[in-house]
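Presented below is the structure to which this report refers.
Protein chains: 2
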Amino acid sequence: METIKYVLDETRMPTAWYNIQADLPTPLPTTLHPGTGQPIGPQDLAPLFPMALIMQEVSQERMIDIPEEVQTIYRQWRPTPLFRARRLEQALDTPAKIYYKYEGVSPAGSHKPNTAIPQAYYNKQEGVKRLATETGAGQWGSSLAMACALFAIQCDVYMVRVSYDQKPYRRALIETYGARVVASPSEETHAGRAILAESPDSRGSLGIAISEAVEIAAQDVDTRYALGSVLNHVLLHQTIIGQETMTQLEMAGDYPDIIVGCTGGGSNFAGIAFPFIGAKLRGEQDVRVLAVEPAACPSLTRGKYAYDFGDTAHLTPLVKMHTLGNTFVPPGFHSGGLRYHGMAPLVSHLLELEQIEAASIQQLDAFGAGVEFARCEGILPAPEANHAVAGAINEALRCKEEGVSRTILFNLCGHGHFDMQAYTDYFAGTLQNYEYPAEEIAMALAGLPSVE
Amino acid sequence: METIKYVLDETRMPTAWYNIQADLPTPLPTTLHPGTGQPIGPQDLAPLFPMALIMQEVSQERMIDIPEEVQTIYRQWRPTPLFRARRLEQALDTPAKIYYKYEGVSPAGSHKPNTAIPQAYYNKQEGVKRLATETGAGQWGSSLAMACALFAIQCDVYMVRVSYDQKPYRRALIETYGARVVASPSEETHAGRAILAESPDSRGSLGIAISEAVEIAAQDVDTRYALGSVLNHVLLHQTIIGQETMTQLEMAGDYPDIIVGCTGGGSNFAGIAFPFIGAKLRGEQDVRVLAVEPAACPSLTRGKYAYDFGDTAHLTPLVKMHTLGNTFVPPGFHSGGLRYHGMAPLVSHLLELEQIEAASIQQLDAFGAGVEFARCEGILPAPEANHAVAGAINEALRCKEEGVSRTILFNLCGHGHFDMQAYTDYFAGTLQNYEYPAEEIAMALAGLPSVE
Numbered sequence: 001m002e003t004i005k006y007v008l009d010e011t012r013m014p015t016a017w018y019n020i021q022a023d024l025p026t027p028l029p030t031t032l033h034p035g036t037g038q039p040i041g042p043q044d045l046a047p048l049f050p051m052a053l054i055m056q057e058v059s060q061e062r063m064i065d066i067p068e069e070v071q072t073i074y075r076q077w078r079p080t081p082l083f084r085a086r087r088l089e090q091a092l093d094t095p096a097k098i099y100y101k102y103e104g105v106s107p108a109g110s111h112k113p114n115t116a117i118p119q120a121y122y123n124k125q126e127g128v129k130r131l132a133t134e135t136g137a138g139q140w141g142s143s144l145a146m147a148c149a150l151f152a153i154q155c156d157v158y159m160v161r162v163s164y165d166q167k168p169y170r171r172a173l174i175e176t177y178g179a180r181v182v183a184s185p186s187e188e189t190h191a192g193r194a195i196l197a198e199s200p201d202s203r204g205s206l207g208i209a210i211s212e213a214v215e216i217a218a219q220d221v222d223t224r225y226a227l228g229s230v231l232n233h234v235l236l237h238q239t240i241i242g243q244e245t246m247t248q249l250e251m252a253g254d255y256p257d258i259i260v261g262c263t264g265g266g267s268n269f270a271g272i273a274f275p276f277i278g279a280k281l282r283g284e285q286d287v288r289v290l291a292v293e294p295a296a297c298p299s300l301t302r303g304k305y306a307y308d309f310g311d312t313a314h315l316t317p318l319v320k321m322h323t324l325g326n327t328f329v330p331p332g333f334h335s336g337g338l339r340y341h342g343m344a345p346l347v348s349h350l351l352e353l354e355q356i357e358a359a360s361i362q363q364l365d366a367f368g369a370g371v372e373f374a375r376c377e378g379i380l381p382a383p384e385a386n387h388a389v390a391g392a393i394n395e396a397l398r399c400k401e402e403g404v405s406r407t408i409l410f411n412l413c414g415h416g417h418f419d420m421q422a423y424t425d426y427f428a429g430t431l432q433n434y435e436y437p438a439e440e441i442a443m444a445l446a447g448l449p450s451v452e
Numbered sequence: 453m454e455t456i457k458y459v460l461d462e463t464r465m466p467t468a469w470y471n472i473q474a475d476l477p478t479p480l481p482t483t484l485h486p487g488t489g490q491p492i493g494p495q496d497l498a499p500l501f502p503m504a505l506i507m508q509e510v511s512q513e514r515m516i517d518i519p520e521e522v523q524t525i526y527r528q529w530r531p532t533p534l535f536r537a538r539r540l541e542q543a544l545d546t547p548a549k550i551y552y553k554y555e556g557v558s559p560a561g562s563h564k565p566n567t568a569i570p571q572a573y574y575n576k577q578e579g580v581k582r583l584a585t586e587t588g589a590g591q592w593g594s595s596l597a598m599a600c601a602l603f604a605i606q607c608d609v610y611m612v613r614v615s616y617d618q619k620p621y622r623r624a625l626i627e628t629y630g631a632r633v634v635a636s637p638s639e640e641t642h643a644g645r646a647i648l649a650e651s652p653d654s655r656g657s658l659g660i661a662i663s664e665a666v667e668i669a670a671q672d673v674d675t676r677y678a679l680g681s682v683l684n685h686v687l688l689h690q691t692i693i694g695q696e697t698m699t700q701l702e703m704a705g706d707y708p709d710i711i712v713g714c715t716g717g718g719s720n721f722a723g724i725a726f727p728f729i730g731a732k733l734r735g736e737q738d739v740r741v742l743a744v745e746p747a748a749c750p751s752l753t754r755g756k757y758a759y760d761f762g763d764t765a766h767l768t769p770l771v772k773m774h775t776l777g778n779t780f781v782p783p784g785f786h787s788g789g790l791r792y793h794g795m796a797p798l799v800s801h802l803l804e805l806e807q808i809e810a811a812s813i814q815q816l817d818a819f820g821a822g823v824e825f826a827r828c829e830g831i832l833p834a835p836e837a838n839h840a841v842a843g844a845i846n847e848a849l850r851c852k853e854e855g856v857s858r859t860i861l862f863n864l865c866g867h868g869h870f871d872m873q874a875y876t877d878y879f880a881g882t883l884q885n886y887e888y889p890a891e892e893i894a895m896a897l898a899g900l901p902s903v904e
């Protein structure tokens with residue numbers, strides 16, 4: 001019998017997250033106050049986040065315990081399966097071994113609950129009554145809504161207007177979990193009203209929706225803000241993906257030569273890669289790590305490593321990251337989860353340290369890879385995950401050309417059952433590639449704050 | 453630590469299906485030829501099905517081996533998890549223990565691949581080049597399309613016109629797997645053309661789509677027909693659900709007092725219940741078994757136990773079953789998988805033998821239960837599965853009233869990620885209940901063939 005699945009008994013589910021900050025050769029650049037440009041401390045973030053999450057944001061401890069109650073909920077779908085893509089290998093006729101970790105088995109269909117659950121938990125612990133957040137495509141919004149339902153916290157989701165109108169099904173899922181969905185920009189906030197005054201027909205953006213959610217959280221003592229990617233503590237919570245994978249690959253008697261993940265804000269990529277990068281940083285085992293981003297939102301490959309705001313209204317702290325500029329609005333391509341102007345500071349830092357590589361992929365290539373994958377493996381990937389699939393297939397084909405076998409691991413961060421319009425458009429031939437003119441990117445970057 | 457999930461190691465996945473025909477106190481009524489009304493033999497079915505499936509249809513063997521190649525594909529998502537719904541129990545404040553088996557982890561999101569995979573396998577074994585089938589909501593069509601992709605068989609799916617127009621996303625999934633989707637009634641068949649000549653705007657029905665697929669299969673030597681429910685061999689393939697559950701409940705040290713499943717054609721219900729009913733028939737262990745159907749398509753509770761055709765054009769054999777009449781077209785309620793005029797002969801037979809009970813549930817109650825379930829358990833059920841959820845909740849509330857603890861098991865046969873329009877309509881208040889006037893049912897039943 002050929003093994004295609006590596007299942008980890010739930011008693012072997014990791015009980016602590018891995019914090020890569022403990023292994024960095026040089027620390028992350030300091031986070032700065034949005035108003036003063038001066039370094040900020042934990043207390044400055046208290047209006048937005050519960051103290052437990054703030055301490056995780058800055059912690060230098062290597063392992064951080066997962067609370068028992070969070071573990072219990074994780075165990076509903078974790079450990080997630082690791083698959084050997086034998087049928088895809090055969091179709092590609094490659095000597096490479098391809099493994100993929102599948103996060104689509106979570107109730108929300110993606111990796112996002114890995115951080116939504118602990119975020120809701122810590123907020124509940126500190127007496128928070130309501131969480132405000134933003135969502136683009138809706139993967140994050142639905143995951144946080146689910147987590148808030150489990151912990152009986154009210155949840156307000158500011159949903160980018162264009163998604164609110166075009167993706168009513170994600171909105172319906174969020175509402176089924178009992179959360180309130182508000183089209184952003186909205187009349188509920190100063191930030192939203194300011195945008196609407198200028199452009200009554202604004203289609204919104206993640207940057208605007210973040211401004212609204214942050215504003216709501218900052219002004220209400222019982223409300224905090226929750227973010228689905230980018231921040232250190234969010235990436236931390238996702239590392240359970242890579243830790244499980246390490247154990248599963250041990251079961252398979254294997255270790256990756258190459259790890260591939262797709263990047264938008266960086267959280268699923270960090271989840272699969274950081275535990276392996278940690279082993280590399282500690283000199284235990286080498287590995288190539290490849291971040292694949294959409295050509296239509298190329299923060300890692302064409303952005304600038306600079307201090308920038310996370311939002312449009314400049315309410316968030318300034319962090320050093322690869323950014324296309326906080327005014328950057330990507331075109332309407334079909335990977336809503338990857339449409340963000342910035343990249344997680346930790347991922348950006350690792351690229352600067354040359355611990356990871358980055359590449360961009362065109363939309364049509366990503367969907368082509370996703371369809372090939374679905375026909376071989378049965379699982380239909382989310383458009384975001386298609387970027388990782390494409391990256392892995394490219395590496396496997398290189399192995400074939402070079403006549404060498406390598407072990408390729410990628411993260412299949414979610415299923416595409418909510419994204420069928422994208423596949424419909426792909427088959428209808430209405431999807432197109434997008435190449436940014438250099439001057440457009442330069443223009444967006446010109447608006448960066450002048451902080452060093 | 454409270455256990456909420458019972459995971460079966462894949463080495464303990466059943467390697468044979470359970471055939472309840474071996475344990476029936478009286479055999480199933482004979483199947484009759486559609487033209488002559490005389491009993492038919494295996495050879496009469498050969499134009500439609502491969503011989504291996506025909507032999508399974510009539511087999512009296514208790515256990516039928518699952519081919520190694522089918523097992524390997526099953527293992528991608530099987531054994532599926534059994535959950536203890538502790539958070540739901542708490543919300544209901546019931547002394548009952550509620551377990552649910554979750555089939556939504558399959559790549560297609562439902563239990564349908566359990567039979568799609570072996571059907572594609574046996575057809576491939578016998579050299580079949582193309583499978584023709586029908587689909588309503590699309591769960592079956594997408595599952596067969598996936599199976600055909602894995603075995604490199606061409607797949608033509610006749611999709612009920614109203615679903616084809618209103619559920620483009622299921623259609624997109626089927627096409628992503630490489631199958632051809634045809635709106636039914638179509639111009640491709642005599643059956644379709646006859647309907648269109650009479651009603652050019654026909655919205656179609658499962659009965660019509662079956663006629664088209666059967667006609668295509670019957671006239672092409674390289675093409676066979678595949679059905680997603682109703683038939684004995686289809687129910688057989690689903691019994692892996694109940695067999696796994698038996699072992700998982702053993703791990704939990706428990707045995708169900710009540711088993712609840714939703715019924716359309718009867719396959720997911722049979723899958724969870726038959727292994728337990730078998731134990732009851734053999735006098736090993738008693739259990740109550742409850743089939744829950746939609747009030748808008750009440751074949752078990754308001755249909756007649758009589759010989760009827762499976763399709764509108766009377767191309768299929770005559771089987772004895774609970775039926776609303778082959779001309780019956782249910783209203784457009786939101787459980788496409790339960791919109792069929794007949795019930796599986798095996799399920800019907802067991803109802804006649806008083807081995808199972810049947811109840812119907814209104815659409816709004818089903819959705820109410822599904823939303824409550826989602827907010828407690830995180831998983832969003834398919835509208836079909838909501839009927840089982842509602843049945844289980846009703847039983848749990850009865851336990852509370854009576855102050856007794858019982859062990860309730862139900863089958864959560866699929867997730868609702870493709871069914872968000874239904875939830876949207878539910879929250880918008882546009883869904884309604886449906887109670888059939890007795891005379892309407894009597895009228896549909898008046899058209900039954902006069903065969904005893």
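Chains A and B are the protein sequences, given in the same order. Taking my numbering, the leading residue of the first sequence gets 1, the next gets one more, and so forth. Taking my numbering, the leading residue of the second sequence gets 453, the next gets one more, and so forth. We treat Cβ as the ideally placed atom computed from N, Cα and C, and that holds for glycine.
Buried or exposed by the 16-neighbour rule on C-beta atoms within 10 Å, applied to residue i
| i | result |
| --- | --- |
| A:F427 | exposed |
| B:G881 | exposed |
| B:S615 | buried |
Cα-Cα separation between residue i and residue j, rounded to whole angstroms
| i | j | result |
| --- | --- | --- |
| B:G487 | B:Y792 | 22 Å |
| B:M795 | B:T483 | 14 Å |
| A:G416 | A:L380 | 6 Å |
| A:H387 | A:M420 | 16 Å |
| A:K101 | A:P449 | 39 Å |
| B:I692 | A:E61 | 46 Å |
| A:K5 | A:G136 | 32 Å |
| B:W529 | A:T133 | 33 Å |
| B:D817 | A:F373 | 39 Å |
| B:V799 | B:A722 | 7 Å |
| B:A896 | A:P331 | 54 Å |
| B:H801 | B:Q807 | 9 Å |
| A:I393 | B:P531 | 29 Å |
Host alpha helix (DSSP H) of residue i (start-end)
| i | result |
| --- | --- |
| A:Y158 | From DSSP, A:Y158 is part of no alpha helix (DSSP H) but of the beta strand (DSSP E) over Q154 to V160. |
| B:H642 | H642 to E650 |
| B:V799 | P797 to E804 |
| B:A624 | P620 to T628 |
| A:A16 | Run containing A:A16: none in the alpha helix (DSSP H); it sits in the beta strand (DSSP E), A16 to Y18. |
First and last residue of the uninterrupted beta strand (DSSP E) at residue i
| i | result |
| --- | --- |
| A:G261 | I258 to C262 |
| A:E357 | E357 to I361 |
| A:T223 | T223 to Y225 |
| A:L300 | It is not in any beta strand (DSSP E) - A:L300 instead sits in the alpha helix (DSSP H) that spans S299 to R302. |
| A:I98 | K97 to Y102 |
| B:Y792 | First-last for B:Y792: undefined, no H or E at that position. |
| A:R180 | R180 to S184 |
**OP:** Can you check the stretch 44-81 of chain A for any alpha helix (DSSP H) of at least 4 residues that lies completely inside it and give the ranges in chain order?
**Re:** 51-58 and 68-74
Subject >> beta strand (DSSP E) segments (min. 3 residues) lying fully within the stretch 112-140 of chain A >> reply: 130-135
Subject >> Every unbroken beta strand (DSSP E) inside the stretch 396-447 of chain A [3 residues or more] >> reply: 407-412
Subject >> Contained beta strand (DSSP E) runs [length at least 3] in the stretch 661-743 of chain B, N- to C-terminal order >> reply: 675-677 and 710-714
Original post:
Per the contact definition of three or more C-beta pairs closer than 8 Å, is the stretch 37-44 of chain A in contact with the stretch 104-124 of chain A?
Top reply: no
Subject >> the stretch 236-254 of chain A in contact with the stretch 210-221 of chain A per 3-pair CB rule at 8 Å >> reply: no
Original post:
Just checking, does the stretch 737-751 of chain B make contact with the stretch 465-483 of chain B on the three C-beta pairs under 8 Å criterion?
Top reply: no
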